[in-house]
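*Asks:* Let me begin by handing over the structure; questions about it come next.
There are 2 protein chains.
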Amino acid sequence: MRIGELARRTGVSVRSLRYYEEQGLLTSTRSASGQRHYTEDKVDRVAFIQRLYAAGLPSRTIIELLPCVDAPSEGNSDAAMEHMERERDRLTGHIAELVRTRDALDGLIATGRAYQQRLRSGASV
Amino acid sequence: MRIGELARRTGVSVRSLRYYEEQGLLTSTRSASGQRHYTEDKVDRVAFIQRLYAAGLPSRTIIELLPCVDAPSEGNSDAAMEHMERERDRLTGHIAELVRTRDALDGLIATGRAYQQRLRSGASV
DNA sequence: CTAAAACCTGACATTGATGTGAGGGGCAAG
DNA sequence: CTTGCCCCTCACATCAATGTCAGGTTTTAG
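If you're matching them up, the sequences are chains X and H in order. Residues 735 to 859 in our numbering are what the first sequence spells out, letter by letter. Residues 735 to 859 in our numbering are what the second sequence spells out, letter by letter.
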């Protein structure tokens, strides 16, 4: 498929797809005229890249990890393994923090709802 | 306390504290000579701001939410409540995504470990 | 064949949080 | 008084991902 279709199917902008390629995260074959062509599996890869981005991994890190995805257990250096574990732990900590923040938001929301409830039931300010 | 101490105690750079103030997220009293002075409770506020930032809320959003923190249930407009609920939901979705990503990383790590195990036990490539 | 739609490269713009540096006060200790 | 450290403002730099525009080629549909 060409870049437009990949963009449509992944919800990622054409610009970003070219950027991923520039960063070495995504590969494509080129037609004689220079147009990029992608295989079906690139859809999943783009989705995965997006998730890593969303997880806050910088592309530098993603570049290190992708070989492990491409060739699971082929040349996974100890360094790469350690890097993955570090990122996993970082992510775990980050998740915990987000959960705390969400709980704080929930608390605020509950307080606010209770107040609105009181208002509606006729209490004056 | 002055800005340097607040920075030290929160682990946030002096630059960032001034930026928070510029964004209306943090207040300070000024001494005659113009130096910022903070009360003890600002330590917690800065920590909270940092967590909201870490949760990916842009300062625009944080500005909307902070009044609800400052005066719980006082003038919480419906709009602010809705905004908080939206952010809470967004956060929930984001957390779920991060968990998925972490699980994917875990999978890669497990695969890699198994491979290294095989290597160590004498299998050749 | 032609027009529209999609693609190409390259470059500059943007956003948000933060770094950094210049140039200048404020204040305590020696 | 001077040295050193902390503070002030202003302004420009940075980083990463993405947007956007320009000028040009390719593909597709009619």
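For glycine and all other residues, C-beta sits at the position ideal for the given N, C-alpha and C. Treat the numbers as computed from the prediction; the structure is a model and nothing was measured.
1) Report the CB separation of Arg-836(X) from Arg-822(H) in whole angstroms; it is logged as a contact under 8 Å.
2) How big is the Cα-Cα spacing for Asp-775(H) and Gly-738(H)?
3) Under the three-state reduction of DSSP, which class applies to Thr-763(X): helix, strand or coil?
4) Starting from the C-beta of Gly-758(H), find all residues in its chain whose C-beta is less than 7 Å away, skip the five residues before and the five after it, and write them out in chain order.
5) Rounded to a whole number of angstroms, what is the C-alpha to C-alpha distance between Gly-768(X) and Ser-762(X)?
6) Can you find the residues in the same chain that come closer than 8 Å, C-beta to C-beta, to Val-780(H), ignoring five residues on each side of it along the sequence?
7) What is the DSSP secondary structure of Arg-834(X), counted as helix, strand or coil?
8) Exposed or buried, Arg-794(X), counting other C-beta atoms within 10 Å across all chains shown (16 or more means buried)?
9) What do you reckon, is the C-beta of Thr-835(H) under 7 Å from a heavy atom of the ligand GDP?
10) How about Arg-836(X): is its C-beta nearer than 8 Å to some C-beta of chain H?
11) Grab the span of the alpha helix (DSSP H) containing Tyr-772(H) for me, first residue to last.
12) My output table needs one value for Arg-736(H): the three-state DSSP class, helix, strand or coil.
13) Using a Cβ-Cβ cut-off of 8 Å (strictly less than) and excluding sequence neighbours within five positions of Val-748(H), which residues of its own chain qualify?
14) Write down the C-beta distance between Leu-825(X) and Leu-800(H) rounded to the nearest angstrom, noting that I regard them as a contact closer than 8 Å.
15) How would you list, in chain order, the residues of chain H whose beta-carbon sits under 8 Å from the beta-carbon of Val-746(X)?
16) With DSSP collapsed to three states, give me the class of Pro-792(X).
17) To be precise: take each residue of the region 811-835 of chain X, compare its Cβ to all Cβ atoms of chain H, and keep it if any distance is under 9 Å. Which residues remain?
18) Run through chain X and tell me which residues come within less than 8 Å of Arg-785(H), C-beta to C-beta.
*Replies:* Taking the definition as stated:
1) About 6 Å; that satisfies the 8 Å criterion.
2) Going from the Cα of Asp-775(H) to the Cα of Gly-738(H) covers about 16 Å.
3) In this structure, Thr-763(X) counts as strand in the three-state DSSP scheme.
4) Here the set comprises Ile-797.
5) Each residue's Cα considered, the two are about 11 Å apart.
6) The beta carbon of Val-780(H) lies closer than 8 Å to those of Leu-740, Thr-744, Val-746, Leu-751, Tyr-754, Leu-760 in the same chain, with the five residues before and after it left out.
7) Arg-834(X) falls in the helix class under three-state DSSP.
8) When all chains shown are included, Arg-794(X) counts as exposed.
9) The ligand GDP is absent from the structure shown, which contains no ligands of any kind.
10) Yes, Arg-836(X) lies at the interface with chain H (some Cβ there is under 8 Å from its Cβ).
11) No residue range can be given for Tyr-772(H), since it is assigned to no alpha helix (DSSP H) and is classified by DSSP as neither H nor E.
12) The DSSP-derived three-state label of Arg-736(H) is strand.
13) Annotation for Val-748(H): Ile-737, Gly-738, Ala-741 place their beta carbon closer than 8 Å to its own, counting only its chain and skipping 5 residues before and after.
14) At roughly 28 Å, the Cβ-Cβ gap does not stay under 8 Å, so Leu-825(X) and Leu-800(H) are not in contact.
15) Chain H residues near Val-746(X): none, gap ~15 Å exceeds 8 Å.
16) Pro-792(X) falls in the coil class under three-state DSSP.
17) For the region 811-835 of chain X, residues whose beta-carbon sits nearer than 9 Å to a beta-carbon of chain H comprise Asp-812, Ala-814, Met-815, Met-818, Glu-819, Glu-821, Arg-822, Leu-825, Thr-826, His-828, Ile-829, Glu-831, Leu-832, Val-833, Arg-834, Thr-835.
18) Residues of chain X passing the Cβ test: Glu-831, Arg-834, Thr-835, Ala-838.
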